[in-house]
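Line by line, the protein sequences give chains A and B. Under the numbering used here, the first residue of the first sequence is numbered 1, with each subsequent residue one higher. Under the numbering used here, the first residue of the second sequence is numbered 208, with each subsequent residue one higher. Every residue, glycine too, gets a C-beta built ideally from N, C-alpha and C.
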Amino acid sequence: MHGEPTVFVVDDDQAVRESLARLLDSVGLPVQTFACAEEFLEAYDPQWQGCVILDIRMPGISGLELQETLAARQVRLPIIIMSAHGDVEKAVRAMKSGAVDFIKKPYKGSVLLERIREALALDARRRREEASRAEVAARLARLTPREREIMSLLVAGKPAKQIAFELGLSRKTVDVHRSHIVSKMQVGSVVELANLLAQLPPEQRVF
Amino acid sequence: MFAAMYATRWARWSWAPLGVAVPAAVVLVTSAGDAGLSRLAAAGLVVLVGVATSAAVFCAAAAVSARRAACSQARQLAESQAWTSVVLETAVEGIITINEAGRVESFNRAAERIFGYRADEVIGRSVSMLMPPPENEHHDGYVAHYLQTGQSKGIGRARERQGRRKDGTVFALEVAVSEVRYGDRRLFVGICHDISKRKAAEEELAASRSFLQTVIDGIPDLVMVIDREYRVVLANRAVRETAGGQDPVSSFLRCYQASHHCEHPCEGQHVCPLETVVSSKATVTVTHTHYDGNGNERLMEIIAAPILDESGEVVQIIEACRDVTARVRAENQARQRQAELAHLARLGTMGEMAAGLAHELNQPLSAIVNYTQACLERLRAGAVDVAGLRADLEAAAAQAERAGDVIEQVRAFVRKADPQRSRSDLNELVREALGLLRSEIRQRNVNVQLELHENLPGVHVVPIQIVQVIVNLVQNALEAMQSVPQQRRRLHIATANGDGRQVVLTVRDGGEGPPDAALERVFDPFFTTKPEGMGMGLAICRSIVEAHGGRIALLPAEDGGALARFTLPAVRGTSDDAW
Chain A
1 MHGEPTVFVV DDDQAVRESL ARLLDSVGLP VQTFACAEEF LEAYDPQWQG CVILDIRMPG
61 ISGLELQETL AARQVRLPII IMSAHGDVEK AVRAMKSGAV DFIKKPYKGS VLLERIREAL
121 ALDARRRREE ASRAEVAARL ARLTPREREI MSLLVAGKPA KQIAFELGLS RKTVDVHRSH
181 IVSKMQVGSV VELANLLAQL PPEQRVF
Chain B
208 MFAAMYATRW ARWSWAPLGV AVPAAVVLVT SAGDAGLSRL AAAGLVVLVG VATSAAVFCA
268 AAAVSARRAA CSQARQLAES QAWTSVVLET AVEGIITINE AGRVESFNRA AERIFGYRAD
328 EVIGRSVSML MPPPENEHHD GYVAHYLQTG QSKGIGRARE RQGRRKDGTV FALEVAVSEV
388 RYGDRRLFVG ICHDISKRKA AEEELAASRS FLQTVIDGIP DLVMVIDREY RVVLANRAVR
448 ETAGGQDPVS SFLRCYQASH HCEHPCEGQH VCPLETVVSS KATVTVTHTH YDGNGNERLM
508 EIIAAPILDE SGEVVQIIEA CRDVTARVRA ENQARQRQAE LAHLARLGTM GEMAAGLAHE
568 LNQPLSAIVN YTQACLERLR AGAVDVAGLR ADLEAAAAQA ERAGDVIEQV RAFVRKADPQ
628 RSRSDLNELV REALGLLRSE IRQRNVNVQL ELHENLPGVH VVPIQIVQVI VNLVQNALEA
688 MQSVPQQRRR LHIATANGDG RQVVLTVRDG GEGPPDAALE RVFDPFFTTK PEGMGMGLAI
748 CRSIVEAHGG RIALLPAEDG GALARFTLPA VRGTSDDAW
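See below:
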């Protein structure tokens, strides 16, 4: 089941847990429920994908504490915090520490489903981006240091002639490196290459 | 005839306070002298006199007449005279005979004792010498009038007259006069009782009754003595004034007629004090509603005490009724004000519980939304899983009920209830309070230990106010444990039976314990150790508990936390009683 996106429900109220499971089941979404934060942390697998729904008020580790714990552990599952009126401060704290969404009880069923789908979509998109970043990084890893050097100048918009001049190389040598770079990075042009590298987080853009 | 007369007299005396035989005299009035007397005896006229001797005399006289035929005339005469003499001289009542002229013909020994004259000082003289003026002047006239007309007020009946002794003192006397005809002669026999002692006792009784009446008339409360038949036998002026001047004693009213203008004894809400006192033989206090002259309701507090006879049975009760309308009204007002204050405090408490209660309500509402949305999604997808739909809808309905229960709890707590007391079970009130705090307790991760005593006596309380006190104490306990480690967050709530006269509730927390300085003042208004507290919570708790006749205290617990404890008076019987 690690393969398919799942909604992970953490709520100490049995009726809420069961009803959420029924709701998610009705729209064909896989669901897994936990009666407390401890139970969830114990079962957690980094392979999980999907999203987490948490009640902010729970005995033991509260929803807020769980969310902070997950953030600290770099768990990237989107988290929807459910809260009653009067928990605004806590909600703000949750959002600041990275919860993706906040839904106030009582809510409309359709709204909850929409938010869940958004969270799942976000997770999917993140995973796609991550996968694509990983792919780009793998392609970058195949470049030689000289190729990386030339690539950074290329994507900075410098013409081959100037690069050859700056690096003390012949124009022809630069052109050969450029064709290797385009080939290794699996792009059709330098413009495409620039777009591909823009997906990387800034810290990975140092070549 | 004499026997009948005596019977009547003794019957009347039976109620006399002295209860001893009063010396009496019988007057035999004759115009025939000794011979006449003997003939009287021979004719079988027997005078019976009072006490034991009379029976013996009677038998003796009967024996005389039986033997008469066998004796000679002379002997017969002598014996008759002797017996008659014995009868007269041993009689305890004064016996005087007078003739048609009103002259005394015989005067027995008892008569001598009563009047202080020797027989020889009186015989042959007018009987009027034994009477005080003006009676003495008229007596001869009465006799003459009777002889002439046959009409008399005195003959044949016992009458109360006055006598005069030799020393001139006048005294009360009861005289029965009968006439005896003998041939053409008529004589009058008078039997005299000296009733001066009885009269004195009667007067003393009347005086003491009058004294008693004067005393109770001076009491502003209504005082009545009532017998077992509900008859008012004594009542004071306040009673008469309340009844518009009518005296229930002389009007022979029953208590319910006098107090309630009702034709049957009190029942139902008006507990009958007489019946209660008769069955309990103890002083009881009841409250009745009477109506004054303007038709206004007056609340009367009636204290009724038994009057017992020698065998310990209740023969009468004495009731003192006090108009407590003003006092009760003031008490009600105070209770009302206290209830209003308590209500305001509950609203404040409810505010503090709002977040927890919102959560408590949101859980079932969220579940309902989830279940029904699940049904909608299945229907939209064209599902025909009827069993699944039904299960979800049933679950949603159950959650709706759960939400309703939460609302009912909240509503009951904030309702501005009439401070009506009812018999309640403290354990039930504890559960009610914990129901309101369930979410709070769960949120704070507190472990609750309940130790509720079974068969706890009931308490007579305004239930919501006691719930309020428990909620306050538990809230304080929860707050006290806010910053202690999880394993110390233990809330211990216990109820106990305090020697059958009171019930006890304790709330113990695992917090840091109250600071010593706070212990003394923690129940004072506006005293608080919390930065955001008003300092009214425990002050109101104390006012509620004390208004119910209980006590409240906060103590350091043995294991370091705080122990809040309150008592309430137990009502009689076990909780199953319908008392």
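By how many angstroms is the C-alpha of residue j removed from the C-alpha of residue i?
i      : j      : result
A/A124 : A/I80  : 15 Å
A/L64  : B/H566 : 15 Å
B/V593 : A/A15  : 21 Å
B/M560 : A/E203 : 49 Å
B/P513 : B/K623 : 44 Å
B/N679 : B/T579 : 38 Å
B/Q420 : B/A450 : 17 Å
B/E405 : B/C399 : A small correction: the amino acid at residue 405 of chain B is Arg; Glu does not occupy that position in the sequence shown. Taking the straight line joining both Cα atoms gives about 14 Å.
B/L515 : B/N443 : 21 Å
B/V621 : B/A640 : 13 Å
B/A771 : B/I510 : 39 Å
B/A610 : B/L568 : 6 Å
B/N207 : B/T774 : With chain B represented from 208 up to 786, any question about residue 207 of chain B goes unanswered, as that position is not in the structure.
A/E160 : A/A141 : Note that residue 160 of chain A corresponds to Ala in the displayed sequence, not to Glu. The alpha-carbon atoms of A/A160 and A/A141 are separated by roughly 23 Å.
B/V299 : B/R392 : 27 Å
B/E342 : B/Q369 : 8 Å
B/A489 : B/L761 : 39 Å
B/E658 : B/A701 : 4 Å
B/V576 : B/L685 : 32 Å
B/A232 : B/I303 : The pLDDT assigned to B/A232 is 42, lower than 50, so where the model puts this residue is not dependable; a value taken from the coordinates is nonetheless given after this. B/A232 and B/I303: Cα-Cα distance of roughly 7 Å.
A/V27  : B/I614 : 32 Å
A/Q186 : A/V52  : 37 Å
B/T297 : B/A317 : 8 Å
B/V666 : B/E436 : 37 Å
With a threshold of 8 Å between beta-carbons, can residue i be considered close to chain B, or not?
i      : result
A/G50  : no
A/G60  : yes
A/S152 : no
A/D13  : yes
A/Y44  : no
A/R22  : yes
A/V100 : no
Out of the options, which one is the CA nearest neighbour of residue i?
i      : options                           : result
B/P571 : A/T33, A/L197 and A/D12           : A/D12
B/N683 : B/E658, B/A489, B/A701 and B/G717 : B/G717
B/S487 : B/I524, B/E608 and B/P455         : B/I524
B/Y498 : B/S466, B/A537 and B/D401         : B/S466
B/G502 : B/A619, B/T494 and B/H468         : B/H468
A/S108 : A/R133, A/M82 and A/R128          : Looking at the sequence itself, residue 108 of chain A is Lys, so the reference to Ser does not match. Nearest of A/R133, A/M82 and A/R128 to A/K108, Cα basis: A/M82.
B/S629 : B/I673, B/C473 and B/E312         : B/I673
A/L200 : A/Q32, A/G157 and A/A134          : A/A134
A/Q208 : A/A71, A/E4, A/I61 and A/A156     : No information on residue 208 of chain A is available, as it lies outside the stretch 1 to 207 that chain A covers here.
B/V681 : B/T713, B/H477 and B/R708         : B/T713
Please tell me whether residue i has its Cβ less than 8 Å away from any Cβ of chain A.
i      : result
B/V576 : yes
B/H477 : no
B/R695 : no
B/A684 : no
B/T702 : no
B/S573 : yes
B/E584 : yes
B/V645 : Note that residue 645 of chain B corresponds to Arg in the displayed sequence, not to Val. No, because no Cβ of chain A sits closer than 8 Å to the Cβ of B/R645.
B/D428 : no
B/D599 : yes
B/Q650 : yes
B/H566 : yes
B/T579 : yes
B/A602 : yes
What whole-angstrom Cβ distance do residue i and residue j have, given they're in contact under 8 Å?
i      : j      : result
B/L506 : B/T496 : 6 Å
B/P455 : B/Y463 : Their Cβ separation, rounded to whole angstroms, is 11 Å, which puts B/P455 and B/Y463 out of contact at 8 Å.
B/D428 : B/A527 : 5 Å
B/G202 : B/R585 : In the structure displayed, chain B extends from 208 to 786; residue 202 of chain B sits before or after that span and is not available.
Review point. Does the stretch 321-334 of chain B touch the stretch 356-369 of chain B, meaning 3 or more C-beta pairs lie closer than 8 Å?
Key: Judged by Cβ distances under 8 Å, the stretch 356-369 of chain B makes no contact with the stretch 321-334 of chain B, as fewer than three pairs qualify.
Review point. Using 8 Å as the Cβ pair cut-off and three pairs as the minimum, do the stretch 646-659 of chain B and the stretch 697-705 of chain B touch?
Key: Contact between the stretch 646-659 of chain B and the stretch 697-705 of chain B is present, because at least three Cβ pairs lie under 8 Å.
Review point. Are the stretch 546-565 of chain B and the stretch 759-766 of chain B touching, with three or more C-beta to C-beta distances below 8 Å?
Key: Output reads no: the stretch 759-766 of chain B does not touch the stretch 546-565 of chain B.
Review point. Do the stretch 317-326 of chain B and the stretch 366-375 of chain B make contact, defined as three or more Cβ pairs closer than 8 Å?
Key: Cβ pair count under 8 Å is three or more, so yes.
Check your understanding: Using 8 Å as the Cβ pair cut-off and three pairs as the minimum, do the stretch 72-79 of chain A and the stretch 24-33 of chain A touch?
Key -> Taking 8 Å as the limit for Cβ pairs, the verdict is that the stretch 24-33 of chain A does not touch the stretch 72-79 of chain A.
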